[in-house]
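Q:
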Amino acid sequence: MSDFKRSEKELFPSRYATITTKGRVKHQNPDRFRTEFQRDIHRIIYSQSFRRLRHKAQVFYFPQNDHVSTRMDHVRFVASAARTIARCLGLNEDLAEAIGLAHDIGHPPFGHQGEEFLTKIFEKHVILKERLMPSFSHEVYGLRVVDWIAKRDRESPGLNLTWEVRDGIISHCGEDLASCKLEIGPKDKKLEKLKTHEQAGNPATLEGCIVRLIDKIAYAGKDIEDAIEVGIIKEDEIPNNFRNELGTTNGRIIGTFVEDMVGNSYDKDYIATSPRLGQLLHDLIDFNCKHIYQSQEAEGYKIQAEKTIEYLFDDLLQELKRRDRFKSDRYPEDHKDKSIPFVYRVLQQFVSSDMKDVYKPKDPNELIILDFIAGMTDSFAIRSVSDVFIPKMTV
Numbered sequence: 238m239s240d241f242k243r244s245e246k247e248l249f250p251s252r253y254a255t256i257t258t259k260g261r262v263k264h265q266n267p268d269r270f271r272t273e274f275q276r277d278i279h280r281i282i283y284s285q286s287f288r289r290l291r292h293k294a295q296v297f298y299f300p301q302n303d304h305v306s307t308r309m310d311h312v313r314f315v316a317s318a319a320r321t322i323a324r325c326l327g328l329n330e331d332l333a334e335a336i337g338l339a340h341d342i343g344h345p346p347f348g349h350q351g352e353e354f355l356t357k358i359f360e361k362h363v364i365l366k367e368r369l370m371p372s373f374s375h376e377v378y379g380l381r382v383v384d385w386i387a388k389r390d391r392e393s394p395g396l397n398l399t400w401e402v403r404d405g406i407i408s409h410c411g412e413d414l415a416s417c418k419l420e421i422g423p424k425d426k427k428l429e430k431l432k433t434h435e436q437a438g439n440p441a442t443l444e445g446c447i448v449r450l451i452d453k454i455a456y457a458g459k460d461i462e463d464a465i466e467v468g469i470i471k472e473d474e475i476p477n478n479f480r481n482e483l484g485t486t487n488g489r490i491i492g493t494f495v496e497d498m499v500g501n502s503y504d505k506d507y508i509a510t511s512p513r514l515g516q517l518l519h520d521l522i523d524f525n526c527k528h529i530y531q532s533q534e535a536e537g538y539k540i541q542a543e544k545t546i547e548y549l550f551d552d553l554l555q556e557l558k559r560r561d562r563f564k565s566d567r568y569p570e571d572h573k574d575k576s577i578p579f580v581y582r583v584l585q586q587f588v589s590s591d592m593k594d595v596y597k598p599k600d601p602n603e604l605i606i607l608d609f610i611a612g613m614t615d616s617f618a619i620r621s622v623s624d625v626f627i628p629k630m631t632v
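Heads up, the sequence shown is in this note's numbering, so the first residue is 238 and it goes up one at a time.
This is the structure:
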């Protein structure tokens, strides 16, 4: 039977499009029906790490409103807009979508504040700095997730994504609003050795540059929508220049920027916005910081969330040491013992079954607990604390 794929050059006509991949860590033969980056899209969306994003906060913890955004909503907005821009520019739509979907896969529970909480744990457990990075950053950790932790149901961990998608994940952070222009970074990066977003630099593809810029646009607009929805701000409190030039809905704001980015990037070897809209985006994010992110409503559960992460890390670390890393010969009988707190049983499955081929004897227990907690959803983290803490209080 003949190959049903259309060629990448036919699909993505721009001379600046990313046509081929530098490859995967583990070689795989080409798929007869899908491009390499389409395969990455499917690997990402079928992974458990991606699916858990639907229960991780974007800004607001535990919203009593189903229309307030989760991390899953955000990555879908980014992927959709990135694919649209790539299509208009003749770039690789599949690559742009794959990076957009996976760019936040390294986020811990409780949004960006969760990164702050884990950074404090890094200060306490210096071994994590030595093994991973100076402080917890979701973009650097995201590469670890797709390389080692993320798994599809009943398959081994690690998604074995293309180099270009992995580069897009670790390189998606950084404020590029002053110059309004994002040029591609070096293509010879040793991704596994990067420990900060400064070291990662700019994405090595234009498709990655699209995601890096649209990421900020997507969250800036939707965070305003959500803040209005939960009553933190009123629509008439949004400055007139934002409302008149960008709009007040996420759709209008993204649409305005998509048109602007296409117009300023077409047939160029960089991705850019106009200086005026770049400045408006900078001012919009500054407005959000002052009136939304630092509001009492957005930070109302910060102390409880921080204590949740801190308590879980200390308690689970002790449990892992106490049980000698859950010897595999104790699984699955301990896993079925309902007298053992549920989170301990899930941790046992994580170590003894799901990740049994990932961790080596020299890997510190702190690394295992970090991976376990960083992968939790907000709701599971809260449930886990209740599961462990309440019984101990009643003894």
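Note that CB positions come from ideal geometry on N, CA and C, so glycine has one too.
By DSSP's criteria, Ser284 is part of a beta bridge. Which residues make up the other side?
A: Per DSSP, Arg389.
Q: Measure the Cβ-Cβ separation of Phe626 and Tyr548 and say whether it is below 8 Å.
A: Yes, the Cβ-Cβ distance between Phe626 and Tyr548 is below 8 Å.
Q: With DSSP collapsed to three states, give me the class of Arg261.
A: In this structure, Arg261 counts as strand in the three-state DSSP scheme.
Q: At a Cβ threshold of 8 Å, is Asn478 touching chain B?
A: The displayed structure is made up of one protein chain only, and chain B is not part of it.
Q: Thinking Cys410 and Glu376 are a contact (beta carbons under 8 Å), I'd like their distance in whole angstroms, please.
A: The Cβ separation is near 5 Å, so the contact holds.
Q: Using a Cβ distance threshold of 8 Å, determine whether the region 396 to 405 contacts the region 253 to 269, with at least three qualifying pairs required.
A: With the cut-off at 8 Å, the region 396 to 405 and the region 253 to 269 touch.
Q: Roughly how many angstroms lie between the CA atoms of Leu514 and Phe494, to the nearest whole one?
A: The alpha-carbon atoms of Leu514 and Phe494 are separated by roughly 7 Å.
Q: Since Leu428 and Leu396 are thought to touch, with beta carbons under 8 Å apart, how far apart are those beta carbons, to the nearest angstrom?
A: 14 Å between Cβ atoms; not a contact.
Q: Sorted by chain position, which residues of the same chain lie with C-beta nearer than 7 Å to Thr545's C-beta, five sequence neighbours on each side aside?
A: The answer, listed in chain order, is Ala618, Ile619 and Val622.
Q: Would the region 519 to 535 count as touching the region 332 to 342 if we require 3 or more Cβ pairs under 8 Å?
A: At 8 Å Cβ cutoff, the stretches do not touch.
Q: Near Ile451, what residues of its chain come up, given a Cβ to Cβ distance below 6 Å and the 5 sequence neighbours on each side ignored?
A: Val315, Ala318 and Ala319, listed in sequence order.
Q: Sort Pro267, Arg269, Asp268 and Phe274 by Cα distance to Phe249 and report the nearest one.
A: Among Pro267, Arg269, Asp268 and Phe274, the Cα nearest to that of Phe249 belongs to Phe274.
Q: Strictly by DSSP, which residues pair up with Glu603?
A: Answer is none; Glu603 lacks a bridge partner.
Q: If we require 4 or more residues per run, which alpha helix (DSSP H) segments fall completely within the region 395 to 444?
A: Counting whole runs of 4 or more residues, the region 395 to 444 contains the alpha helix (DSSP H) stretches 400 to 407 and 434 to 437.
Q: Taking DSSP as the reference, what is the three-state secondary structure of Ser239?
A: Because the pLDDT at Ser239 is just 47, under 50, the model does not fix this residue reliably, and the point stays unresolved.
Q: Keeping to the same chain, check which residues put their C-beta closer than 7 Å to that of Ile407; ignore five residues upstream and five downstream.
A: If we look at Ile407 and ignore the five residues flanking it on each side, its Cβ neighbours are Glu376, Val377, Gly379, Leu380, Leu428, Leu431 and Ala437.
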